[in-house]
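One structure is given below, encoded as structure tokens.
In our numbering, the protein residues as written are 136 to 312.
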């Protein structure tokens, strides 16, 4: 399912959007905000990114597929979309925060975003988790995840990220002397 994974205000009614499929660009929403129901929105910058990857302004929502249709940009190479060291740091910090605050949902949310980047089936397979249902359940926001499953998924996304970065480098760079 296509989702918006990052959004930033650019100017006026223009947003910079990054989609889960790797597409990134800018969308001018002035056409939407010149007529109801969006014309009634007082502050364009006060939007929320919903759990299903849409944007919401006080109950007025634009689906990610609609936004993707009007976004002008390009697909980014897989290696450009993430930094493995940053990914590891985010997972470490989320692990620490989860333990110190007693909130497994913090780690769960961090891992879920990376699983969605690479695809559930790919990550679950790499993690060696036999029950896909168990893995999906561990990633759902309203559940209490199994910590061991989260560790397996985190390890899998880091390994996949390292491989994909390596695949994108020229042979001369990856060869060691």
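Glycine included, each C-beta is placed from N, C-alpha and C at the ideal position.
- A straight line joining the alpha-carbon of residue 225 with that of residue 139 spans about 19 angstroms.
- Counting of Cβ neighbours within 10 angstroms places residue 284 among the buried residues, the total reaching 16 or more.
- Spatial neighbours of residue 172 in its own chain (CB-CB distance under 7 angstroms, excluding positions within 5 residues in sequence) are listed in chain order as 195.
- Under the three-state reduction of DSSP, residue 160 is assigned to strand.
- Rounded to whole angstroms, the Cβ separation of residue 295 and residue 267 is 17 angstroms, and the two are not in contact under 8 angstroms.
- Ranked by how close their Cα comes to the Cα of residue 186, the residues 144, 247 and 162 have 247 in first place.
- For residue 139, the pairing in a beta bridge is given by DSSP as 154.
- Cβ atoms of residue 154 and residue 193 stay farther apart than 8 angstroms, at about 23 angstroms.
- Taking the Cα positions, residue 232 is about 7 angstroms away from residue 241.
- Taking C-beta separations shorter than 6 angstroms and ignoring five residues to either side along the sequence, the partners of residue 278 in its chain run 272, following chain order.
- The criterion of a C-beta distance shorter than 8 angstroms is not satisfied by residue 159 and residue 150.
- Judged by DSSP secondary structure, residue 196 falls within the beta strand (DSSP E) whose first and last residues are 195-197.
- Residue 276 and residue 175 have their C-alpha atoms some 31 angstroms from each other.
- Cβ neighbours of residue 205 within its own chain (closer than 6 angstroms, five residues either side excluded): 162.
- DSSP places residue 211 in no beta strand (DSSP E); its state is neither H nor E.
- As DSSP reads the structure, residue 191 sits in a beta bridge with 183 and 196.
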